Amino acid sequence: MAEPKKLFIKTYGCQMNVYDSERMAEAMGGQGYVTTDTPDDADMILLNTCHIREKAAEKVYSELGRFKPLKKAKPDLKIGVAGCVAQAEGAEIMARQPLVDLVVGPQSYHRLPQLEAEARKGRKALDTDFPEELKFDHLAKRPKARRAPTAFLTVQEGCDKFCAFCVVPYTRGAEVSRPVARVLEEARDLVERGVREITLLGQNVNAYHGDAEGGAWGLARLIRNLAEIDGLDRIRFTTSHPNDMEDDLIAAHGDCAKLMPYLHLPVQSGSDRILKAMNRKHTAAAYAELIARIRSARPDLLLSGDFIVGFPGETEEDFQDTLRLVEQVRYGQAYSFKYSPRPGTPAAEREAKMVPADVASDRLARLQALLNRQQMDHQQAMVGRTASVLFEKAGRMEGQLVGKSEYLQAVHVDAPESLIGQIARVEITEAGPNSLGGRLL
Ligand code: SAH
Ligand code: SF4
Ligand code: F3S
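First residue of the sequence shown: 48, per the working numbering; consecutive thereafter.
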């Protein structure tokens, strides 16, 4: 048999890219590729890119530049760009960076093997279509190898929300849900291979409406059915939009034991004026009221959010509204960003209203200080409590394992390796900002 070719994939951006990279690696397995964790010995390099903020997108060009010597030493090396930058700027990348052999947009990954074959013939290959067929139905099946105890499973892609700042509706296209049968089949397969926790993914996952016999299912019904799979112990989902948080999904947080008490529900801003300018289509009060309803279904729910500061037109007053909402909600985790104008989005046209960079930086620092305090409070509140921890891998210290609590907190525990893939009761004894320590009960 021929020596396998080596594929190096570098992944940026969200979990959906992580999932896509796995699927691309599997598809390329059918073309005789195995993955490698360094670009140095690769026969093909694939950058799976993110376009969400300017910094993320610019990384692609600097990263590509670093591959120049590799390509010189090995002219046969094929370099590809996938993901959201490929979708947004594919043709431009090819023009600007002659060392790029292929460009493939997020909805065309099932065509990657053909594109690679084209590139092998010395032709440049570009595919940034939004094809009719669903890529996952046409991507090579996942091989039956044993897997880590946790896995992502993309159930929905694309976004119809068009928040004024966001590129996702342009890079990922319209909302599409995978059929229920496909999702259940993939989940069962993952569980057979050792997976005990599945995170359902979608840019707008709670807008899921997958075809099924007798009519489409929403996310709650999908989750309740997944919960019937023996051996699957934990279910999570991300990312959700507040306006799609329907009653049955809220109820599932209260009555579906396998659905973990953690919810990432971005609000972006606490100012109604800014929410309106962002086209988020809800008010701060409606969000707070929604959180209260979810918490009454599941009082110990740990809440996570995303925030943007310095959106065009944001005043100190608006920013204070954001701080107030954060005070009210008390997040256990959060991601916050300075607004970054993205080409083609409506907000990028509002140059006259741009918040000066130093003002935005100052607001970000103040918001992050508050969010960090809240995160630390939640971490500290765990001390003395019992958590259920799914062990994922060896920790940094000898004899230690690391796993996740039901609230998605990292927990380090002295435990035998045989517990990897198992869920154990752990008494939490110490808390740091980003991880907990505990002992097996
Ligand atoms: N679908 C998800 C978010 C996807 S993008 C949702 O609706 O919540 C992840 C986060 O990146 C967003 O929640 C937002 O906080 C941030 N983001 C998106 N576009 C941005 C921009 N132009 N500048 C700064 N942050 C941005
Ligand atoms: Fe972007 Fe808004 Fe869609 Fe989230 S809901 S992906 S922020 S447009
Ligand atoms: Fe980035 Fe695309 Fe995900 S822009 S955040 S990789 S959907």
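C-beta atoms are modelled at their ideal positions from N, C-alpha and C, and glycine is treated no differently.
Just so you know, these numbers come straight off a predicted model, no measurement behind them.
For V230, the uninterrupted alpha helix (DSSP H) run begins and ends at 227-239, by DSSP. The Cβ neighbour count for T85, taken over all protein chains shown within 10 Å, is under 16; the residue is labelled exposed. Across the structure, R327 and A333 are spaced so that their CA atoms are roughly 12 Å apart. A straight line joining the alpha-carbon of Q134 with that of L173 spans about 10 Å. Bounds of the beta strand (DSSP E) holding Y309 are 309-311. Shown in chain order are the residues whose CB sits closer than 6 Å to a heavy atom of ligand 2: C206, K208, F209, C210, C213, V215, P216, Q250, N251, H288.
Proximity of the beta carbon of I99 to ligand 1 is indicated: a heavy atom of the ligand is located closer than 6 Å. Beta-bridge partners of N95 (DSSP): T58, A129. Under the DSSP definition of a beta bridge, V215 lacks any partner. Straight through space, the alpha carbons of R281 and N64 are spaced by roughly 22 Å. Beta-bridge pairing by DSSP links F199 to T246. Within the chosen limit of 6 Å, ligand 1 reaches the beta carbon of I355 through at least one heavy atom.
If you ignore the 5 residues before and after A394, its C-beta comes within less than 8 Å of the C-beta of A211, F212, A324, M325, F358, P359, Y386, P388, all in its own chain and listed in chain order. Leaving aside the five residues that flank L146 on each side, the residues in its chain whose CB is nearer than 7 Å to its CB run, in chain order, L111, F114, K115, K118, I126.
Rounded to whole angstroms, the gap between the alpha carbons of D277 and L269 is 15 Å. If you check the C-beta of R281 against ligand 1, you find no heavy atom less than 6 Å away. Between the alpha carbons of P480 and R377 lies a distance of about 15 Å. In terms of side-chain proximity, the C-beta atom of N419 is found no nearer than 6 Å to any non-hydrogen atom of ligand 3. Annotation for M423: P480 place their beta carbon closer than 7 Å to its own, counting only its chain and skipping 5 residues before and after. Restricting attention to alpha helix (DSSP H) runs no shorter than 4 residues, the stretch 388-443 encloses them at 404-428, ordered along the chain. The C-alpha of V473 is placed about 5 Å away from the C-alpha of T433. Nearest neighbour of V314 by Cα position, chosen from A228, G352, K400, T285, turns out to be G352.
Under the DSSP assignment, K451 falls in the beta strand (DSSP E) whose first and last residues are 447-451. Residue state for K168 is assigned as coil, using DSSP reduced to three classes. When the five nearest sequence neighbours on each side are left out, the beta carbons in the same chain lying within less than 8 Å of the beta carbon of G77 are those of P160, A187, in order along the chain. Check the Cα spacing between A412 and each of A428, P390, Y382, K400: the tightest is with Y382. Proximity of the beta carbon of C303 to ligand 3 is not indicated: no heavy atom of the ligand is located closer than 6 Å. No Cβ-Cβ contact shorter than 7 Å links S287 with Y255. A distance criterion of 6 Å places the beta-carbon of R235 beyond contact range of ligand 1, judged by its closest non-hydrogen atom. Closer than 6 Å to some heavy atom of ligand 3: that describes the Cβ of N64.
Only residues of its own chain outside the window of five on either side were considered, and among them R193, R194, A195, P196, G468 have a CB closer than 8 Å to the CB of G241, listed in chain order.
Counting of Cβ neighbours within 10 angstroms places S109 among the exposed residues, the total staying below 16. In this chain, the beta strand (DSSP E) harbouring R486 covers 482-487. When the Cα atoms are used, L310 and K171 turn out to be separated by approximately 43 Å. With a cut-off of 6 Å, the C-beta of F384 is classified as near ligand 1, since at least one heavy atom of the ligand falls inside that distance. Around the CB of K451, 16 or more other CB atoms lie within 10 Å, so the residue is classed as buried.
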